[in-house]
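Each residue of the sequence shown is one higher than the one before, starting from 120 at the first, in this note's numbering.
Notes follow once the structure below has been shown.
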Amino acid sequence: MTHYKNNKNFRVAVCFAVFLTMLLPAQSWAHAILVRSQPAKEVELTEAPKQIDVWFDDKVGSEFMALAVIDSTGKRVDNKDVAQETFNPAHLYCTVQPLPPGVYTVRYRVVSIDTHIVTGKFQFTIKAP
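What follows is the structure, encoded as structure tokens:
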């Protein structure tokens, strides 16, 4: 019976395998996390934004992305023109119709680099000046 612990060839092979593993690029398998938005989450504005921007902690896929702005009656008020910044694939944006005072919900859906779908939402309020 061969004892692997005492086998020099086995130990060399294990050390070589560990060494090769350390040379491989590390991949991030975490879900994308919303790290910033404009307007910011729960902010109260006196002037309506013309565009909604969201940034994630890592690039997101361009397929299946969605960004929608909903008013308090449930009506969609964005222009259905979600786009991904060319040189920063962690940034999505869309334009909105002129927004009157009220509470608005921003809903997003993206595909993380690990291929998982991430969804979320946040609100902002426009106050009368």
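For every residue, glycine included, the Cβ atom is placed at its ideal position computed from N, Cα and C.
Between residue i and residue j, is the Cβ-Cβ spacing less than 7 Å?
i: residue 165; j: residue 248; result: yes
i: residue 177; j: residue 151; result: yes
i: residue 167; j: residue 245; result: yes
i: residue 243; j: residue 162; result: yes
i: residue 214; j: residue 170; result: yes
i: residue 184; j: residue 229; result: yes
Across which residues does DSSP place residue i in a beta bridge pair?
i: residue 163; result: 244
i: residue 218; result: Paired residue(s): none; residue 218 is not in a bridge.
i: residue 177; result: According to DSSP, which records beta bridges pairwise, residue 177 is partnered with nothing at all.
i: residue 197; result: 215
i: residue 229; result: 237
Excluding the 5 residues preceding and the 5 following residue i in the sequence, name in chain order all residues of the same chain whose CB lies nearer than 8 Å to its CB.
i: residue 140; result: Legend: pLDDT at residue 140 = 47, less than 50; position of this residue unreliable, value from coordinates given subsequently. So no residue of the chain qualifies.
i: residue 127; result: none
i: residue 241; result: 153, 156, 160, 161, 224, 225
Alpha carbons only, please: which of the options is nearest the one belonging to residue i?
i: residue 206; options: 228, 197, 181, 223; result: 181
i: residue 223; options: 210, 236, 209, 197; result: 197
i: residue 204; options: 156, 239, 174, 240; result: 174
i: residue 202; options: 149, 233, 194, 179; result: 179
Leaving out five residues on either side along the sequence, give the residues of the same chain with a beta carbon under 7 Å from the beta carbon of residue i.
i: residue 192; result: none
i: residue 220; result: 245, 246, 247
i: residue 239; result: 153, 227
i: residue 187; result: 195, 197, 226
Kindly indicate the opening and closing residues of the beta strand (DSSP E) around residue i.
i: residue 189; result: 185–189
Identify, in the order they occur along the chain, each residue of the same chain with its Cβ nearer than 6 Å to the Cβ of residue i, setting aside the five sequence neighbours on each side.
i: residue 208; result: 178
i: residue 149; result: none
i: residue 234; result: none
i: residue 146; result: Legend: pLDDT at residue 146 = 46, less than 50; position of this residue unreliable, value from coordinates given subsequently. Contacts found: none.
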